[in-house]
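Visitor: Input: one structure, supplied below.
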Amino acid sequence: TQLLEQSPQFLSIQEGENLTVYCNSSSVFSSLQWYRQEPGEGPVLLVTVVTGGEVKKLKRLTFQFGDARKDSSLHITAAQPGDTGLYLCAGADSGAGSYQLTFGKGTKLSVIP
Amino acid sequence: EPEVTQTPSHQVTQMGQEVILRCVPISNHLYFYWYRQILGQKVEFLVSFYNNEISEKSEIFDDQFSVERPDGSNFTLKIRSTKLEDSAMYFCASSVRGDHNSPLHFGNGTRLTVT
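And the structure:
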């Protein structure tokens with residue numbers, strides 16, 4: 001069974017601060033996806049990282065995939081209240097013609113104005 | 114922007130009853146999925162569906178579950194005899210292709226409460 005551990009589970013910071021959340025596994029994944037989920041809604045894809053060592057930027061968000069494709073991090077610069085939400089990482093396993101995602105439990109981020 | 118729509122948003126049912134959760138995937142998507150999230154736990158894969166048949170299913174997806182694409186637009190999840198532990202948020206998702214570079218688009222879920 002593949003597991004993804006996310007840390008921290010909860011994070012509360014002041015507006016303007018920087019933060020990093022982590023996603024770790026003992027398994028290798030085809031790719032790692034980061035989602036954001038608002039209460040009462042489904043997860044919304046932020047980014048997919050595929051290559052070991054890959055770094056992707058989405059405005060103030062920087063995503064990195066570990067060299068061994070087992071872990072990933074999400075760094076937010078100058079956090080804003082609008083960044084508040086649940087951040088989920090998910091590892092993709094390619095199967096027979098489709099793929100399934102293994103999700104972590106998420107990091108619940110609160111950015112205080 | 115096209116989106117995956119799910120109905121109902123909330124379903125309450127009694128233990129032992131059958132429920133059908135409905136989803137309309139994005140129109141040009143070919144791969145369809147069901148995931149579930151029990152309160153306080155992680156999102157879990159149930160099943161993937163392509164070309165009118167199941168591609169993969171997890172251990173959770175036992176004989177009480179079934180999926181169907183009854184027409185060109187709907188994708189349904191049937192739970193035959195609901196149990197208390199089936200209470201969860203059920204998310205439908207779709208993607209254009211089946212490879213991991215093809216992003217999943219999730220609906221807003223159906224909250225199933227079994228009493």
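If you read the sequences in order, they're chains C and W.
Start counting the first sequence at 1; every next residue gets the next number (the numbering used here).
Start counting the second sequence at 114; every next residue gets the next number (the numbering used here).
No residue lacks a Cβ here, since even glycine has one placed at the ideal position from N, Cα and C.
#1: Who does Lys108/C pair with in a DSSP beta bridge?
#2: Under the assumption that Phe162/W contacts Phe188/W (Cβ atoms under 8 Å), give the Cβ distance between them as a whole number of angstroms.
#3: Pull up the distance between the alpha-carbon of Asn214/W and that of Ser26/C, whole angstroms please.
#4: Return the CA-CA distance between Gly106/C and Cys89/C, expressed in angstroms with no decimal places.
#5: For Phe65/C, which of Gly52/C, Pro8/C, Tyr87/C has the nearest alpha-carbon?
#6: Using a threshold of 8 Å, state whether the C-beta atoms of Thr228/W and Gln124/W are closer than that.
#7: Is Glu198/W helix, strand or coil by DSSP?
#8: Using a Cβ-Cβ cut-off of 7 Å (strictly less than) and excluding sequence neighbours within five positions of Gly129/W, which residues of its own chain qualify?
#9: Against chain C, with Cβ distances strictly below 8 Å, would Leu134/W count as a contact?
#10: What's the C-alpha gap between Phe63/C and Glu131/W?
#11: Return the CA-CA distance between Leu155/W and Phe103/C, expressed in angstroms with no decimal places.
#12: Any contact of the segment 72-81 of chain C with the segment 17-34 of chain C, i.e. 3+ C-beta pairs under 8 Å?
#13: Starting from Ser110/C, find everything on chain W with Cβ-Cβ shorter than 9 Å and list it in chain order.
#14: Would you give the residue range spanned by the beta strand (DSSP E) that His75/C belongs to?
#15: From Leu225/W to Ala201/W, what does the alpha carbon distance come to, in whole angstroms?
#16: Whose Cβ in chain W lies nearer than 8 Å to the Cβ of Lys105/C?
#17: Tell me the rounded alpha-carbon separation between Pro113/C and Gln14/C.
#18: Any Cβ of chain W within less than 8 Å of the Cβ of Leu15/C?
#19: Could you check whether Gly211/W and Tyr35/C sit closer than 8 Å to each other, using their CB atoms as the reference points?
#20: By alpha-carbon positions, which one of Phe145/W, Asp184/W, Gly185/W ends up nearest to Ile167/W?
#21: In the DSSP assignment, what residue or residues form a beta bridge with Asp93/C?
#22: For Arg138/W and His218/W, what's the separation of their Cα atoms in angstroms?
#23: Going by DSSP, which residues form a beta bridge with Asn164/W?
Guide: Per the coordinate set shown:
#1: Walking along the first sequence from the start, residue 108/C turns up at place 108. DSSP lists Phe10/C, Leu86/C as the bridge partner or partners of Lys108/C.
#2: Walking along the second sequence from the start, residue 162/W turns up at place 49. Walking along the second sequence from the start, residue 188/W turns up at place 75. About 7 Å; that satisfies the 8 Å criterion.
#3: Reading the second sequence from its first residue, position 101 is the one you call residue 214/W. Reading the first sequence from its first residue, position 26 is the one you call residue 26/C. Put simply, the backbone Cα of Asn214/W is about 22 Å away from that of Ser26/C.
#4: Counting from 1 along the first sequence, the entry for residue 106/C is found at position 106. Counting from 1 along the first sequence, the entry for residue 89/C is found at position 89. The alpha-carbon atoms of Gly106/C and Cys89/C are separated by roughly 7 Å.
#5: Position 65 of the first sequence, counting from 1, holds the residue named residue 65/C. With distances taken between Cα atoms, Phe65/C lies closest to Gly52/C.
#6: Residue mapping note: residue 228/W aligns to position 115 of the second sequence, counting from 1. Residue mapping note: residue 124/W aligns to position 11 of the second sequence, counting from 1. Cβ distance not < 8 Å, so Thr228/W and Gln124/W don't count as in contact.
#7: Translated into the one-based positions of the second sequence, residue 198/W becomes position 85. Helix.
#8: On the second sequence, residue 129/W is found 16 positions in, with the first residue counted as 1. Answer for Gly129/W: Ser194, Thr195, listed in chain order.
#9: On the second sequence, residue 134/W is found 21 positions in, with the first residue counted as 1. Cβ-Cβ to chain C under 8 Å: no for Leu134/W.
#10: Walking along the first sequence from the start, residue 63/C turns up at place 63. Walking along the second sequence from the start, residue 131/W turns up at place 18. The straight-line gap from Cα to Cα measures roughly 42 Å.
#11: On the second sequence, position 42 is the one that residue 155/W refers to. On the first sequence, position 103 is the one that residue 103/C refers to. It should be pointed out that residue 155/W corresponds to Lys in this sequence rather than to Leu. The straight-line gap from Cα to Cα measures roughly 6 Å.
#12: yes
#13: Sequence index remark: in the first sequence, residue 110/C carries index 110 (1-based). Those within 9 Å of Ser110/C in chain W number zero; the least Cβ separation is about 17 Å.
#14: By 1-based counting over the first sequence, the position of residue 75/C is 75. It spans 71-76 - the beta strand (DSSP E) in which His75/C sits, taken as one unbroken run.
#15: As a working mapping, residue 225/W is identified with position 112 in the second sequence. As a working mapping, residue 201/W is identified with position 88 in the second sequence. Distance between the alpha carbons of Leu225/W and Ala201/W: 5 Å.
#16: In the first sequence, residue 105/C corresponds to position 105, counting from 1. In chain order: Gln154, Lys155.
#17: Within the first sequence, the letter at position 113 stands for residue 113/C. Within the first sequence, the letter at position 14 stands for residue 14/C. Pro113/C and Gln14/C: Cα-Cα distance of roughly 6 Å.
#18: The count along the first sequence starts at 1 and reaches residue 15/C at position 15. The question names Leu, but residue 15/C is Glu in the sequence shown. Answer no: the Cβ-Cβ gap between Glu15/C and chain W never drops below 8 Å.
#19: Working through the first sequence from its first residue, we reach residue 35/C at position 35. Working through the second sequence from its first residue, we reach residue 211/W at position 98. Against a cut-off of 8 Å, the Cβ pair of Gly211/W and Tyr35/C comes out as no contact.
#20: Residue 167/W sits at position 54 when you count from the first residue of the second sequence. Shortest Cα-Cα distance from Ile167/W to any of Phe145/W, Asp184/W, Gly185/W involves Phe145/W.
#21: Reading the first sequence from its first residue, position 93 is the one you call residue 93/C. Bridge partners of Asp93/C: Gln100/C.
#22: Locating residue 138/W in the second sequence gives position 25, where the first residue counts as 1. Locating residue 218/W in the second sequence gives position 105, where the first residue counts as 1. Arg is not the amino acid found at residue 138/W; the sequence shown has Pro there. Cα to Cα, the separation comes out at about 9 Å.
#23: To locate residue 164/W, count along the second sequence from 1; it is residue 51. Answer by DSSP bridge pairing: none, since Asn164/W is not bridged.
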